[in-house]
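First the structure, in the form of C-alpha cells, and then the observations on it.
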Amino acid sequence: MLASHTETLALREQFETPAQQKEASSLGMWIFLVTEVMFFSGMFLAYTVYRAAFSQVFSVASNTLNVVIGAVNTSVLICSSFTMVLAVHAAQIGSRKLLILFLILTMLLGGVFLGVKAYEWNQKFEEHHVPGPTFHLDGTTQQGQAQLFFSLYFAMTGVHALHMVVGVGILLTLLIQAFAGRYTAEYNTPIDIAGLYWHFVDIVWIFLFPLLYLIGRHHH
Amino acid sequence: MITEAVQERETYLNASYGLKSWLLTKDHKRIGLLYLGTITFFFFLGGIFATLIRLELLTPKGDLVSADIYNKLFTLHGVIMIFFFLIPSIPATLGNFFLPMMIGAKDLAFPRINLLSWYLLVIGGCFGIYAMLAGGVDTGWTFYVPYSSTYSNTYVVATGLGIFIAGFSSILTGLNFIVTVHRMRAPGMTWFRMPLFVWANYATALIQVLGTPVLAITLVLLICERSLHIGIFDPARGGDPILFQHLFWFYSHPAVYIMVLPGLGVVSELVSTFSKKPIFGYKFVAFSSVAIAVLGFLVWGHHMFVSGQSVYAGLAFSFLSYFVAIPSAIKVFNWTATLHKGSISYATPMLYAFGFIGLFTIGGLTGLFLACLGVDIHVHDTYFVVAHFHYIMVGGALMAYLGGLHYWWPKMTGRMYPEGFAKLSALTIYLGFNLTFFPQFILGYLGMPRRYWTYPDEFQVLHVMSTAGASVLAVGYVMPLIYFIWSLRYGEIAGPNPWGATGLEWKTASPPPAHNFDETPVVTTEAYDYAALEAANVG
Amino acid sequence: MHEHIDSIKTYAVVFVALLFLTWTTTFVATIDLGPFNVVVALAIAVVKMMLVVLFFMHLRHSTILMKVVIGGGLMWLGILLLFSLADFGTRGWLPVPGK
Amino acid sequence: MGTELPLFPVEASTVAPQVDHLFFFLLAVAAFFTAAIFVTIFYFAIRYRRRSESEMPVPVHGVMALEITWSVIPFGLTMVMFAWGASVFFRASRPPDGAQQIYVVGKRWMWKLQHMEGQREINELHIPVGRPVKLTMTSEDVIHSFFVPAFRTKADVLPGRYTTTWFQPTKVGKYHLFCAQYCGTKHSAMIGWIYVMEPQDYQTWLSGGATGSLASTGEKLFQDLACSNCHHLNDQGRCPNLRNVFGSNVLLSDGRTIKADEGYIRESILNPSAKIVAGYQPIMPTFQGLVTEEGVLQLIEYIKSLTPKPVPAAPGTTTAVSPRKISKQ
Ligand code: HEA
Ligand code: HEA
Ligand code: CUA
Ligand SMILES: [Cu+2]
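Residue numbers (my numbering), protein chains in the order written: chain A, 51 to 270; chain B, 576 to 1114; chain C, 66 to 164; chain D, 71 to 399.
Given below as C-alpha cells:
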C-alpha cells in the first residue's frame, strides 16, 4: 500500500522510466552546481586580482584570522560531508533509521560550523575588522587595501554561510520526509541530490580555508 | 461542423479552466503563453521609453524632458528590453512551447522549475517596475561603477535585485532545456535529427547556465558596495572599477548571443519550411550554434578597448572577436544556399526571415568594425554602436521572434492570422526600422556620443530621420498586436500542418493536446525530410 | 541505470584522508616555503576537492556526460580568471600610463 | 535649428586618415558581402518562387568545398581587419617622444586642462597645429571619456589612475570635445572645444593670462604644502632627493624595483606608505584631501622638471637603477 504510493510519487508524468528520471535529476543538479561554481567565480577573481596587487597587506590581514578555529571548522565540515555520504548510503540500502540518524548528524555538524562562523564574525566586529568608518587593522598603514581583504572575507564566507543555511533547510525537509517513510532503496534521488549540494558547499570551503586563512602566513 | 469538432477535441487550452489552472500549470505550453503575455507587456513598456527617447532627440535642445529623466529613460529602456524582453523572448515563449514537442517529449524535464522560472521573471519584473515608479534608475544598462555604486542617487539596488532575480529565471530555463535535450528525446530522435531550433536553444542554454551566475554575483557585489560601502570597486581603497567591467561583460557579451542564437534557430526553421528544402550544411549550422556559444565567452574585452584595460588584453580580445564572426557567416551562407532551387513561398514568416538575414548581416558586419581596434577608438560609445546593436537585436532577434510567432501561431492557437495584414506590417516594420537606425551609423561615425540628452545642431537632420522612422516602426509593431488578438476569435481555423512543415510539432493537432502527442512519436527520418512527409501524406 | 553502492570502508578511508590533508595544509602553512606556500596550499585543496568529487559525490561511477559537465564548469572558471588576469598582468607593459 | 546634413567628419589629426582608410576598407568588405547576400537572396527568391503547392525540390545536404570556401575567405579577411586595426591602434596608443604635455582632469561635468606653460582652461583647449600633444588624464569622481571626433581619438578618464591619449592636429580649426562615457545628469553638457591654431597665434595666446609655468606653480605648491621641509634637493636628510627621480627605476624596501612614472609619483603623494623607497622610513604623511588632482599634476610637473630632459627612456631600454638610491643603502 505504502510502497505503491511512493511508486506513483516517484515517477513524474513527463518521464518514461524511473532511471530516466533519476538521471535527469542528477544531471540537473550537476549543472546547477556548475552555475554555483560560476557564481563564486566572481569573488575568486576579485580575490586573485587584489591579492596579487596588495599581497603584503593581504598577508597582514590574513594573519589576524585564527588558523586553529579555521582548521577545526574545516574538519567539522568534512565530518558533515562524511555523515552526509553515510546518509546517502543508508538511503541506498533502505535503512530508514540510519538515514534519519545521519541526516540529523549532518545538520548538527552544519549547525556547529555556522555557530563557529558566527563567533568569528562577531570577533571581527569587536576587533574593528569590519569594513566601514570604524575599521582599523594594526600592522599596516594601508587601511583601504586592508578593508578590501575583509570585504572579500565577509563576501566569500557570507555567501558560503548562506549556502549552508539553505543546505540545512533542505536537509530538514528531507528529514521530515524520511520520517514519513518517503525514501526507500528504490527511490532516494532527493537524498542523493541534496548530498551533491552539501558536498559542493564543503568543497567551496576547502578552497576558502587556505585562501583566507593560510596563504600569506609568511610574507617578505 | 469542423468548428464543432475542434471545440470538442481536448486541447491544452481547454483541458482545465480558471485562473488557477493557469497560474499553477505545469504544462510547458501554458507556461510558454504566460511568458508570451509577460514579455509582450515588457516590450511595449520598453517601446514607450524608446518613443520618448526619440521624441526628445527630435531637437538638439533638451526640451521635452529633463536631463535626469532622459537618463532614466534610456536606462529603463535598455534594462527592460534586454533583461525582461529579449533574453526571455524566444527561449521562454517559443522554446518553452516547442522545444519539448520538437524532440517528441511530453514536457520539459522539470515542469515545476519551469513554472518557478516564470514566477521569478515576474517577481524580478515587479522589482524593476517598483524601481521605475519609485523614481527610476539612471546608470545605463551597464551599471558602471563608481557611478552606480557611489554617485547615482536613484533606485540602483531595486533594479539590481530585479535583474538578479530575473537572472535566476534565465538560469533555470537554460538548465531545464539542457537536461531536456539530453534526457527526454523520443526514441529515434538522435542529436543529428534534431531540428536546428533545438540546437540553437541548447547552445543558448549553455550560455545561460555558464554566464548568468557571474552577472548575479556582480550585481550582488555592486549592491553590497552601494548599500554597505564595502569598497570592492572603490578606487579610493585600491579597488579597481575595471574589474567590474570585466565581470559585467563576461556575462553581457555572451548574453548578446543568448539574445540572437534562438533567433538564428527560428530562421533555420523558417528558411527550410518555406523553401521546402533541408538546410544546406545541417551539421555546420548545428555546430556553429555551439561554436558561437563557446567562442562568445572569449571576447568580452572588446567592450573595453578604450577603458584603460591593457592594450595587450585589447589585442587578444579583438583577435578572438573575429573568430565568432565565422560561425555566424557560416549560417548566413548556408541559409542562402538552402534557397537555391527551392520552392520558395512568400508567407509572412518567410518575409521576416528574409528581413532577418539582411539586417543581421548588416548588424554583424558592423560588429566587425567595432571589434577592429583602430576603428573602435573612434566609434566606441557613439551612435555607431547604438545602430550596430539595434540592427542585430531589433532587426535581427526581434524580427526572428516575430517570424517565429507568426509561424507557430496556428499551432499555438489553432487559428491563422490574417495574411495580408501581416505582410503589410512586416513591410512597415522593415522600412521603419531602416529609417530609424541607418542614419545612426552616420551619426555615430560623425562622432555623436550615445546617452546624450542634448547634441550639437549639425546632427539634427539625421536625428529627425531617425525619429520619423521610429514612428513608422511603432505603427508596424502595434499592427500584430491587433491582428493576433483579433485572430484568436475570428482567424481561420488552422489544420495540424498549415505550412507543410516537417517538425514533430506539426504531427499533432492544432492546438496540441495537453500531453502533446497521443502516443510517443518514434523518429525514423532526418530533420527536414520533405519527401518522407509527402510520402506519409499520400500513403 | 545500474546503481553502484560503495562500501562504508571506502568512505571512511576518504574521510580520514581529508582530515589528514586538512592537518597537513595547516601545518605546511607554518613552514616558510617562499612562493611555494601558495602552490602547496592550492594543490592540497585541489586534491581534497578531487576526493570529495570522486568518492563522496560518486563522480567515478557517473556517466561521461557528468564528467564533461564538471570539467566544463571548471574550464569556464579558468576562462574568467585567465582572461581577466591577462589584462591586470599586462598593464604597464607599454610604458604609457593607462595603456 | 540645424539644417545641414553632414555625412563624414573632418579629418584633423595625423591618426584620422589612418582610421578612415581602415574604415573604408571595412566598409568595402561589408558592402561587398551585404550586396552579395541581398542580391543572391532576391535572385533566388524570385527565380525559385513557389509555383505550385505540389512542387518537391531535390534535397541537397551540403557541399564540403563550399563550406570550407565560405569559412576560409571571411576568416582571412577578418585577420586583415585585425592586423590592420591593431597597428593603427598601437600607433594611436603611443605618444611620440617629445610630445607637448597637457594635463586633464575630468570632473562632473567639466574638463579642466592645464598647459605646461601654466595656462589653465575649462572645457577649451588651445593647441598649435602640427605638434604632437600628449594628454595625461585623471578624474575626480566617476569615469569620463575624452573624445575628439575630428582627431578620431578617445580614452576613458578614470578616478584614481592616469590614462593617456595623444594627437597631432593637422588642420587649423575649432573641433568638438565630447565626454563619451556616461557620467550622470549633465553627461551631454560635459562638452567643449579644441582650438587648433597657427603656431604664432598659439604663442600669442600663450603669452596672455598665465601666472607662471605649471612647473613653477608646482614648485610653489611644493613650498606651500611644506614638501620642501623634508625633501631638500640634495642627498641630505631623511627624505629622498627628488632630483632625477622621474623616469628612473626606484628600488623599494620590499625588494621590488619600480619605474617612477606619473602614476608612481601620484601614489607617493596621496598614499605614500604604499611603496616605500629602500633605505627610508615611512614617515611621509599622506596628502590625500589636502591637494586636488590638479595640484597633484602640478607637483608632478615640478618633480618632472627636476629631471633634465631627455630622460623618459625610450621604450624597451632599461634604465639603470639610479646610483643615488644605491649609495643610500
Ligand atoms: C544580439 C545582440 C548582439 C550580437 C549578436 C552582436 C554581435 C557582434 N558584436 Fe555586438 N553589441 C551588442 C549586441 C550584439 N552584438 C550590444 C547590445 C552592444 C553594446 C553594448 C553597450 O555598450 O551598451 C554591442 C557592442 C559591440 C562592441 C563594443 C563596441 C563599443 O562599445 O565600442 C563590439 C566590439 O567588438 C561588438 C562586436 C560584435 C561582433 C564582432 C559580433 C559578431 O558576433 C557578429 C557576427 C556576424 C556577422 C559577421 C554577420 C554575418 C556574416 C556574413 C554575412 C559573412 C561575411 C563575414 C565576414 C567577412 C567575416 N559589439
Ligand atoms: C531588445 C532590445 C531593444 C529594442 C527592441 C529596442 C528598440 C528600440 N530602441 Fe533601443 N536600446 C537598447 C535595446 C533595444 N532597443 C539598449 C540595450 C540600449 C542602450 C541603453 C543604454 O545606453 O543603457 C538602447 C538605446 C537606445 C537609444 C540610444 C539612447 C541614447 O544612447 O541616448 C535609442 C535612440 O534612438 C533607442 C531607440 C530605440 C527604438 C526607436 C526602438 C524601437 O524598435 C522600439 C519600437 C517600439 C515601440 C515604439 C513600441 C510600440 C508602440 C507603442 C507602444 C505605441 C504607443 C506608444 C506611445 C503611446 C508612446 N534605443
Ligand atoms: Cu563625463 Cu560623461
Ligand atoms: Cu560584445
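By construction, the Cβ of each residue, glycine as well, lies at the ideal position given by its N, Cα and C atoms.
Among residues of its own chain, excluding the 5 on either side of residue 936 of chain B, which ones have a beta-carbon nearer than 8 Å to its beta-carbon? 907
Simplified DSSP state of residue 54 of chain A, which is helix, strand or coil: For residue 54 of chain A, the predicted model reports a pLDDT of 38, less than 50, meaning its position is unreliable; a value from the coordinates is still stated below. If DSSP states are grouped into helix, strand and coil, residue 54 of chain A belongs with the helices.
Per DSSP, the bridge partner or partners of residue 217 of chain D: D:224 and D:248
Using a Cβ cut-off of 7 Å (strictly closer), state whether residue 155 of chain C contacts chain D. no
Rounded separation between residue 219 of chain A and residue 235 of chain A - CA only: 23 Å
Taking 6 Å as the cut-off, is the CB of residue 220 of chain D close to at least one heavy atom of ligand 1? no
Once DSSP output is grouped into helix, strand and coil, what is the label at residue 185 of chain D? strand
Listed by chain order, chain E residues near residue 223 of chain D by CB distance under 7 Å: In the structure shown, chain E does not exist; the protein chains are A, B, C and D.
Check distances from the C-beta atoms of the stretch 121 to 148 of chain A to those of chain C and list, in chain order, the residues that come in under 9 Å. 121, 124, 125, 128, 129, 131, 132, 134, 135, 136, 138, 139, 142 and 143
With a threshold of 7 Å between beta-carbons, can residue 103 of chain C be considered close to chain A, or not? yes
For residue 599 of chain B, I'd like the list of residues in its chain whose CB is within less than 8 Å of its CB, leaving aside the five on either flank, ordered along the chain. 690
Could you name the residues of the same chain whose beta carbon sits closer than 7 Å to that of residue 126 of chain C, not counting the 5 residues immediately before and after it, in chain order? 69
Contacts of residue 162 of chain C in chain D (Cβ-Cβ under 7 Å): 206, 232, 233, 234, 331, 332 and 333
Here's the rule I'm using: 16 or more other beta-carbon atoms within 10 Å means buried, otherwise exposed. How should residue 905 of chain B be labelled? buried
At a cut-off of 6 Å, would you count residue 968 of chain B as near ligand 2, judging by its Cβ distance to the nearest heavy atom? yes
Nearest to residue 814 of chain B by alpha carbon, out of A:99, A:77 and A:74? A:99
Under 8 Å, CB to CB, which of the residues in the stretch 789 to 801 of chain B have a partner in chain A? 789, 791, 792, 793, 795, 796 and 799
In the DSSP assignment, find the alpha helix (DSSP H) that holds residue 171 of chain D and state where it starts and stops. Element bounds for residue 171 of chain D: not the alpha helix (DSSP H) but the beta strand (DSSP E), 170 to 177.
Measuring alpha carbon to alpha carbon, tell me which of B:836, B:854 and B:842 ends up nearest residue 869 of chain B. B:836
Which of the three DSSP states, helix, strand or coil, is assigned to residue 901 of chain B? helix
Buried or exposed, going by whether 16 or more other CB atoms sit within 10 Å of the CB of residue 102 of chain C? buried
Does the beta-carbon of residue 194 of chain D have 16 or more other beta-carbons within 10 angstroms, so that it is buried, or is it exposed? exposed
Residue 629 of chain B CB to nearest heavy atom of ligand 2 below 6 Å: yes
I need the straight-line Cα distance from residue 607 of chain B to residue 670 of chain B, nearest angstrom please. 8 Å
Is the beta carbon of residue 1069 of chain B sitting closer than 7 Å to the one on residue 985 of chain B? yes
In terms of residues, what are the limits of the beta strand (DSSP E) holding residue 1028 of chain B? It is not in any beta strand (DSSP E) - residue 1028 of chain B carries neither H nor E in the DSSP assignment.
Inter-residue spacing [alpha-carbon to alpha-carbon] between residue 156 of chain A and residue 133 of chain A: 6 Å
Buried or exposed: residue 631 of chain B, going by 16 or more other Cβ atoms within 10 Å of its Cβ? buried
Stretch-stretch touch, CB-based, cutoff 8 Å, three pairs: the stretch 738 to 758 of chain B with the stretch 1082 to 1098 of chain B: no
Assigned exposure category for residue 270 of chain D - 16 Cβ within 10 Å defines buried: exposed
Hey, residue 982 of chain B and residue 924 of chain B: beta-carbon distance below 7 Å or not? yes
Does any C-beta atom of chain A lie closer than 7 Å to the C-beta of residue 833 of chain B? no
According to the Cβ coordinates, are residue 901 of chain B and residue 141 of chain D closer than 7 Å? yes
Residues of the stretch 999 to 1031 of chain B with a CB closer than 9 Å to any CB of chain A: list them in chain order, please. none
Does the beta carbon of residue 70 of chain C come closer than 7 Å to any beta carbon on chain A? yes
Nearest neighbour of residue 725 of chain B, chosen from B:1053, B:1005 and B:816 [CA to CA]: B:816
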